[in-house]
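Residue numbers (our numbering): 30 to 470.
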Amino acid sequence: MNLDRREEQMAQHLQNDMSETEVFWKGNSEKESTNHSGGHESEFADLEYLRGFGNHFTTEALKGALPEGQNSPLNCPYGLYAEQISGTAFTVPRKYNQKSWLYRIKPSVTHEPFCPRQPAHENLMSDFTDSSNSTVTPTQLRWKPEDIPEVKTDFIDGLFTICGAGSPFLRHGYAVHMYAANASMENCALANADGDFLIVPQQGRLWIKTESGKLQVSPGEVVVLPHGFRFSIALPDGPSRGYIVEVYSGHFQLPDLGPIGANGLAEPRDFLTPVAWFEDENISGYTIIHKFGGQLFQSKQDFSPFNVVAWQGNYAPYKYDLRKFCPFNTVLFDHADPCINTVLTVPSEKPGVAVVDLVVFPPRWLVAEHTFRPPYFHRNCMSEFMGLICGTYEGKADGFLPGGGSLHNCMSPHGVDTPTYEFYAMLEDVLLHPSLNYAPK
C-alpha cells in the first residue's frame, strides 16, 4: 500500500475513533484540542510519564495501535509502519539487550539523501584520537559560564565541545559538551548516531519532542536521549544553558549498591519515560540533522519525524529529578569517596571501572568528627569534569560559578582552594548543612 493510501486509511481511522482520541489527549494534558503543532504552554503542561528504569514499556496514543501477539504484522493497525530501533547488537545477552518497536505513520527512511550541513559546525568534535584537532594538557582547567549568544542560536548551533576521549568510530569513549542558546529548533530534529546524550540544564527549561513522546526538563533534572533517537528542543524560557556528556560505548545504567543494600541513591521508580504522542503533519522542507563521526549531515523530508502513534520496548528517552537522589555519607569520621554519590554509570569492559559516571553532590549533612569535611586532596586515575547548576560547592568557595566548569585530568593534583581549607580547618565538631543547593528553590 502506498503512502497516500495509508494516509487516507489513517484519516478514516481517526474519524471513526474520534471519541477515543479525545480521551487520550485529555489524559496527556492536551485539553484544548488535538492540534499537534508544538511550542505552546498547554502542550507541555502536566505531561504524563511511565515510571521505572530499564522497564519494557507499552504505550499507545490511539487505542489498539499496538499490534497484538507479534512485532511486525503484515498489516499494522491504522495502516501504520512497524520500525525497530536497536540500542544494542541483536546478539548481546538478553539482560543487556535494548530495543523498541515504533509504529509510525511514515517510516524514517522516507527522506532525501544526506549531505554535509553547511556551514560546518566548528565548535563540535567527537574524535579525540586525532591529535591534530585537540590539545592534551595535565593543567587543571576552569571555565567561566558561557555567555548567552546575542544572535539567534538554537540548541544545535549552541553546542560546543569542552573535552573528551576515544572516538565514536571505535565505539569507545565520551565527550563533554556545553550549550548556550536562545532560540527553539524550528522544523528541525537532531539524531545522534555517535552515542547517548545526557543533558543537564543549568538555566532554562527544555521542551523536548522525541519519537517516544514529549518531556519537560527543568534545571535540577537530567535527561538521557539515547543513541539514534530523533529529538527537537524548544526553549520556553528563552536564554538557556547547560552541560552534556556524550557516551560512545554502552548506555547508562544504575550503579550496583553493594553493602549499601537494596535501597538508596537513585531509585528506579523515579525515572520517567514519555508516553506515546504523535504529530500527523505535512511540513515541507522539514530538516533532519544527523550527527555521525562528530560531523553534522542534513536531509529534508515533508513530514514531522514525531509520527509514532504507539511503541513498545525498553529503549527510549527518560529523565530524572536529582532532588530525589538519596545520598549516603560518613556518620562518624573521614570523608567518603565521591563514587558514593553516583546517579548513573556506563561500565567499561573492566569490572568496577566506568567509562563515565554521573555523580551529584546534593545538599546533605556533614557530620564527621575530627575530620576535614570538604573533599580531600587527590590524584585520580580517572579524569574529573565538574559543573555547577546553582548554589556553591564546598570544595571551591571562589571563582566556581553556576554554568561554569572545571577539569582535572588523569593524575593531575587537585583539592580545595586556600580560603576553603582555612575555613574548614578551624571548625570544631559541629553539624554542618552547607548551602549546596544544585537546583533553584
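Note that beta-carbon positions come from the ideal geometry of N, C-alpha and C, so glycine has one too.
Per-residue burial, residue i [other beta carbons within 10 Å of its own, 16 or more giving buried]
i	result
Pro334	buried
Ile228	buried
Gly98	exposed
Tyr453	buried
Gln113	exposed
Ala295	buried
Tyr125	exposed
Lys181	exposed
Gly56	Here Gly56 scores only 27 on pLDDT, less than 50, and its place in the model should not be relied on; the value that follows carries that caveat. It counts as exposed.
Phe406	exposed
Phe438	Note on identity: in this sequence residue 438 is Asn, with Phe being the wrong assignment. Buried, since its Cβ has 16 or more Cβ neighbours within 10 Å.
Thr63	With a pLDDT of 31 at Thr63, under the threshold of 50, the modelled position of that residue is not reliable, and no figure is offered here.
Inter-residue spacing [alpha-carbon to alpha-carbon] between residue i and residue j
i	j	result
Met455	Leu219	52 Å
Met440	Thr168	10 Å
Gly420	Pro431	7 Å
Ser328	Asn84	33 Å
Arg259	Thr239	6 Å
Phe119	Asp285	25 Å
Asp331	Gly257	20 Å
Glu451	Gly433	24 Å
Val246	Met411	29 Å
Met415	His206	12 Å
Val252	Phe226	8 Å
Lys135	Ala209	33 Å
Glu70	Leu103	39 Å
Ile262	Trp340	21 Å
Asn292	Pro197	35 Å
Arg234	Gln127	28 Å
Gly193	Gly202	7 Å
Gly67	Asn358	Note on Gly67: pLDDT 41, under 50, position unreliable in the model; no value is reported.
Glu457	Val445	19 Å
Ser312	Asn216	The sequence shown places Ile at residue 312, rather than the Ser named in the question. Each residue's alpha carbon lies about 8 Å from the other.
Phe429	Gly267	24 Å
Bridge-paired residues (DSSP) for residue i
i	result
Glu16	Nothing in the structure corresponds to residue 16, since the chain is present only between 30 and 470.
Gln330	Tyr315
Pro303	Tyr78
Asp225	Val276
CB contact check: residue i to chain D, cutoff 7 Å
i	result
Ser278	Looking for chain D here will not work: only one protein chain is present.
Endpoints, alpha helix (DSSP H) assigned at residue i
i	result
Thr447	447–454
Residue range of the beta strand (DSSP E) that includes residue i
i	result
His485	Any property of residue 485 remains undetermined from this structure, which presents the chain solely from 30 to 470.
Trp172	170–172
Gly193	188–196
Met415	413–416
Leu436	434–437
Glu89	86–89
Which complete alpha helix (DSSP H) runs does the segment 236–283 hold, if anything under 4 residues is left out?
none
Enumerate, from N- to C-terminal direction, the unbroken beta strand (DSSP E) stretches of 3 or more residues contained entirely within the segment 332–393.
337–342, 347–350, 371–376, 383–388
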